[in-house]
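Student: 5 is the number that numbering that gives the first Met the number 0 gives to position 6 of the sequence shown; each next residue is one higher, with no gaps. By construction, the Cβ of each residue, glycine as well, lies at the ideal position given by its N, Cα and C atoms. As the structure is a computational prediction, the values presented were derived from the model and not from experiment. Okay, here's the structure, questions in a sec.
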Amino acid sequence: MSSRANAGPRTRMKVRSKTGRRLFTSDFWNMSSRKKPSNQSSSGHYIKSNAGSGPAYTTRNKCCHAPSTRIVAVNELKWLDPFPVTLSLRRKSFSEGTFREAYMAKAISGLPKGDYILKKYKEGEIPGIVQLFGSIEAHTGKSVQLNALARNFAQSMDAEAPALEFGRTFTYHKVFFSSMGNEFVTIETFIDGPFVKLVNNDGLICSEEASELSMKAKTFSHYTYKKPNTKLIVLDIQGVGYTLCDPEIASTTHTDAANNFYFCIGNLSTKAIESFFDKYNCSKYCKLLNL
């Protein structure tokens with residue numbers, strides 16, 4: 000994976016037909032704890048010009064990485080320098096959720112070869128998101144930061160869990176922030192296999208069976224609640240086996256002093272937290288983590 004800094008504004012995106020796909024080249028960013036660069040807006044996103052005579056697609060693509068030394072220092076997550084990536088994108092979606100549609104993509108260059116998922120918002124859901132968050136760009140950025148935080152929690156729990164007694168722990172892939180035309184999207188590694196939802200974003204525990212995966216999923220949510228002193232909890236525990244995706248975070252406070260929403264539109268705040276703990280019973284995995 001290339002991580003070289005961009006020498007200046009980059010405005011290239013190539014689009015052409017390719018057996019039902021469109022090929023585009025663009026730039027990605029990492030997130031880490033660092034000083035805000037001069038071309039970064041107060042919202043935490045790079046502002047790149049669309050200079051030159053190339054195609055009229057904007058090319059703001061970012062990758063998010065949560066520092067392993069931090070748990071909830073969300074205000075320290077900063078976008079880093081971009082690196083170029085070329086993807087071949089399917090024209091038709093293969094799946095959809097409440098707010099977004101998912102498209103298959105293949106990495107041509109700049110990322111490890113393999114299958115990826117590009118997710119973009121449904122037209123009918125955009126007005127409501129914009130009303131709450133100001134723009135789709137802002138909400139997309141928050142979703143990438145949210146995934147970074149959930150990923151960091153998973154890494155932290157893996158480091159704390161006694162390996163022999165606890166066994167496998169959960170992981171999240173990095174999620175990339177991108178814009179394609181006027182649409183802000185995310186890109187992430189495709190996870191192949193049977194998809195299972197274990198905990199919903201409203202706190203509902205979807206599986207009451209005492210399987211190892213189910214118990215560990217509930218333990219993971221419990222762990223994320225205890226670590227930041229009961230200020231938030233990671234919910235929407237779902238994915239393929241121990242590889243999770245699309246988390247949501249419920250926070251005890253819904254908005255900040257300026258009335259800006261914390262996290263994403265799936266944040267159901269104390270209602271979701273109370274719902275989760277109303278049905279939740281600690282398992283042996285909680286005891287192994289001293290929860």
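To test your reading of the DSSP string, which unbroken alpha helix (DSSP H) runs of 4 or more residues are found completely within the region 116-146?
Tutor: Taking only runs of at least 4 residues, the alpha helix (DSSP H) segments lying wholly in the region 116-146 are 125-132.
Student: Less than 7 Å between the C-beta atoms of Glu100 and Ser92, yes or no?
Tutor: For the purposes of this step, residue 100 is identified with residue 101 of the sequence shown, where counting begins at 1. For the purposes of this step, residue 92 is identified with residue 93 of the sequence shown, where counting begins at 1. Contact: yes.
Student: Rounded to the nearest angstrom, what separates Thr168 and Pro227 at their Cα positions?
Tutor: Against the sequence shown, residue 168 aligns to sequence position 169. Against the sequence shown, residue 227 aligns to sequence position 228. Straight-line Cα distance between these residues: approximately 19 Å.
Student: According to DSSP, Tyr291 sits in a beta bridge with which residue or residues?
Tutor: Not covered by the structure: residue 291. The range shown for the chain is 0 to 290.
Student: Apply the 10 Å Cβ neighbour rule to Asp255 and answer buried if 16 or more other Cβ atoms are within range, or exposed otherwise.
Tutor: Sequence index remark: in the sequence shown, residue 255 carries index 256 (1-based). That one is exposed.
Student: Give the DSSP bridge partners of Lys196, in chain order.
Tutor: Taking the first residue of the sequence shown as 1, we reach residue 196 at position 197. Bridge partners of Lys196: Gln237.
Student: Here's a check: name, in chain order, each residue in its chain whose Cβ is nearer than 6 Å to the Cβ of Glu187, leaving out the five neighbours to either side.
Tutor: Residue 187 sits at position 188 when you count from the first residue of the sequence shown. Hits under 6 Å: Ile116, His172 and Val174.
Student: Based on Cα-Cα distance, which residue from Lys119, Pro126 and Val198 lies nearest to Val233?
Tutor: Mapped onto the sequence shown, residue 233 falls at position 234. Comparing Cα positions, the closest option is Val198.
Student: Please work out which residues of its chain come closer than 6 Å, Cβ to Cβ, to Met165, disregarding the five sequence neighbours upstream and downstream, and give them in chain order.
Tutor: As a working mapping, residue 165 is identified with position 166 in the sequence shown. The sequence shown places Phe at residue 165, not Met. Closer than 6 Å at the Cβ level, and outside the excluded window around Phe165, lie Leu287.
Student: Going along the chain, which residues of its own chain have a beta-carbon closer than 8 Å to the beta-carbon of Asp201, five neighbours each way excluded?
Tutor: Locating residue 201 in the sequence shown gives position 202, counting from the first residue. Excluding positions up to five away in sequence, the list reads Leu234, Leu267, Lys270, Ala271 and Ser274.
Student: Return the CA-CA distance between Glu182 and Lys119, expressed in angstroms with no decimal places.
Tutor: As a position in the sequence shown, residue 182 is number 183, starting the count at 1. As a position in the sequence shown, residue 119 is number 120, starting the count at 1. One C-alpha to the other measures close to 7 Å.
Student: Quick one, are the C-beta atoms of Ala106 and Leu88 less than 7 Å apart?
Tutor: Numbered from its first residue, the sequence shown carries residue 106 at position 107. Numbered from its first residue, the sequence shown carries residue 88 at position 89. Against a cut-off of 7 Å, the Cβ pair of Leu88 and Ala106 comes out as no contact.
Student: Cβ of Ile125 within 7 Å of Cβ of His138?
Tutor: For the purposes of this step, residue 125 is taken as residue 126 along the sequence shown, with counting starting at 1. For the purposes of this step, residue 138 is taken as residue 139 along the sequence shown, with counting starting at 1. No, these two residues do not count as a Cβ contact at 7 Å.
Student: For the alpha helix (DSSP H) that Phe93 lies in, which residues bound it at each end?
Tutor: Indexing the sequence shown from 1 puts residue 93 at position 94. It is not in any alpha helix (DSSP H) - Phe93 carries neither H nor E in the DSSP assignment.
Student: Between which two residues does the beta strand (DSSP E) harbouring Ala249 extend?
Tutor: Counting from one through the sequence shown, the residue named residue 249 turns up at place 250. Glu247 to Ser250 is the extent of the beta strand (DSSP E) around Ala249.
Student: Following the continuous alpha helix (DSSP H) through Ser274, name the residue where it begins and the one where it ends.
Tutor: Here residue 274 corresponds to residue number 275 of the sequence shown, with the count starting at 1. Its alpha helix (DSSP H) spans residues Ser268 to Lys278.
Student: In or out: Glu136 buried (at least 16 other Cβ within 10 Å) or exposed?
Tutor: Counted from its first residue, the sequence shown places residue 136 at position 137. Buried.
Student: So the beta strand (DSSP E) Glu187 belongs to, where does it begin and stop?
Tutor: As a position in the sequence shown, residue 187 is number 188, starting the count at 1. Glu187 -> beta strand (DSSP E) spans Glu182 to Thr188.
Student: Is Tyr222 helix, strand or coil when you go by DSSP?
Tutor: Here residue 222 refers to the residue found at position 223 when the sequence shown is read from its first residue. Note: Tyr222 maps to helix in three-state DSSP.
Student: Name the two residues that bound the continuous alpha helix (DSSP H) containing Phe169.
Tutor: In the sequence shown, residue 169 corresponds to position 170, counting from 1. Premise fails: Phe169 is in no alpha helix (DSSP H) and is neither H nor E.
Student: Between Pro111, Tyr102 and Gly113, which lies nearest to Lys121 when the distance is taken from Cα to Cα?
Tutor: Numbered from 1 along the sequence shown, position 122 holds the residue referred to as residue 121. When only C-alpha atoms are compared, the closest one is Tyr102.
Student: Would you give the residue range spanned by the alpha helix (DSSP H) that Lys230 belongs to?
Tutor: Here the question's residue 230 lines up with position 231 in the sequence shown. Careful: Lys230 lies outside any alpha helix (DSSP H) and carries neither H nor E.
Student: What would DSSP say about Phe152, mapped onto helix, strand or coil?
Tutor: Indexing the sequence shown from 1 puts residue 152 at position 153. If DSSP states are grouped into helix, strand and coil, Phe152 belongs with the helices.
Student: Helix, strand or coil for Ser206 per DSSP?
Tutor: In the sequence shown, the residue the question calls residue 206 occupies position 207. The answer is coil: DSSP assigns Ser206 none of H, G, I, E or B.
Student: Just how far apart, CA to CA, sit Lys278 and Ile204?
Tutor: In the sequence shown, counting from the first residue as 1, residue 278 sits at position 279. In the sequence shown, counting from the first residue as 1, residue 204 sits at position 205. Going from the Cα of Lys278 to the Cα of Ile204 covers about 7 Å.
Student: What does Phe262 pair with, by DSSP beta-bridge criteria?
Tutor: Here residue 262 refers to the residue found at position 263 when the sequence shown is read from its first residue. For Phe262, which the question treats as bridged, DSSP gives no partner whatsoever.
Student: Helix, strand or coil: how does DSSP classify Leu243 here?
Tutor: Here residue 243 corresponds to residue number 244 of the sequence shown, with the count starting at 1. Three-state result, Leu243: strand.
Student: Rounded to the nearest angstrom, what separates Asp245 and Ala147 at their Cα positions?
Tutor: By one-based count along the sequence shown, residue 245 stands at place 246. By one-based count along the sequence shown, residue 147 stands at place 148. Approximately 11 Å, taken between the alpha carbons.
Student: Since Leu131 and Ile248 should fall inside the 8 Å C-beta cutoff, what is the C-beta to C-beta distance between them, to a whole number of angstroms?
Tutor: One-based indexing of the sequence shown puts residue 131 at position 132. One-based indexing of the sequence shown puts residue 248 at position 249. With 8 Å as the limit, Leu131 and Ile248 do not qualify as a contact, their Cβ atoms being about 15 Å apart.
Student: For Ser213, which of helix, strand or coil comes out of DSSP?
Tutor: For the purposes of this step, residue 213 is identified with residue 214 of the sequence shown, where counting begins at 1. Reduced to three states, the DSSP call for Ser213 is helix.
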